[in-house]
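Following: one structure in structure tokens, then a few remarks.
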Amino acid sequence: MKFKKKIVALFLGFAVAVSVIVSISYTYIYTMDSMSERKSTMRYLASMNCKQFENLLSQMGSVYEYLLSDMDFLEAIRNLSSKKYEDDSDSAWSSDEGYTVQRKLNIVYIYQFYRVVYFNKNG
């Protein structure tokens, strides 16, 4: 092989090696920047979701505080939990206590939360 061909082959090999190294470096840096940007976006979205969830929980807490501060509601719950209802015709919701609980749960302030569920072990 002549000297000129050796120089060209060496130069081409060097150029290919440099271009491979540069492209790998560029890809690595671009990937790291992209991942860093995604990570910051995910952190921002997670913090926003956390704030929305905390806001929703505080609103739900205020609904429960409102219900539990009502003495009629508490008395109706106590009476409903102490009675045993065995027959469907004599259900808890047809009694005065059941009516009181339904009326308090259907107030517009509470109704905006779509559903507030009252559960009693006796039904």
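With this note's numbering, letter number 18 in the sequence shown gets 225, and the count goes up by one each step, no holes. In this text, a Cβ means the ideal position worked out from N, Cα and C, and glycines have one as well.
Note to self: Under 8 Å: do the stretch 270 to 283 and the stretch 238 to 258 share three or more Cβ pairs, one atom per stretch?
What the structure shows: no
Note to self: Using a Cβ distance threshold of 8 Å, determine whether the stretch 272 to 289 contacts the stretch 305 to 316, with at least three qualifying pairs required.
What the structure shows: yes
Next item on the list: In the DSSP assignment, find the alpha helix (DSSP H) that holds residue 278 and state where it starts and stops.
Entry: For the purposes of this step, residue 278 is taken as residue 71 along the sequence shown, with counting starting at 1. Run containing residue 278: 278 to 289, per the alpha helix (DSSP H) assignment.
Check: Between the Cα of residue 302 and the Cα atoms of 311, 313, 252, 286, which residue gives the shortest distance?
Finding: Position 95 of the sequence shown, counting from 1, holds the residue named residue 302. Taking only the C-alpha atoms, the option nearest residue 302 is 286.
Notebook entry, point to check: Where does the unbroken alpha helix (DSSP H) through residue 209 begin, and where does it stop?
Noted result: As a first step, residue 209 is located in the sequence shown; it is residue number 2 there, counting from the start. Unbroken run through residue 209: none, as it is neither H nor E.
Checklist line | Any C-beta of chain B under 8 Å from that of residue 233 | finding: In the displayed structure, chain B is absent; only one protein chain is listed.
Checklist line | Through-space distance from residue 275 to residue 312, alpha-carbon basis | finding: Counted from its first residue, the sequence shown places residue 312 at position 105. Counted from its first residue, the sequence shown places residue 275 at position 68. Our two residues, residue 312 and residue 275, have alpha carbons roughly 11 Å apart in a direct line.
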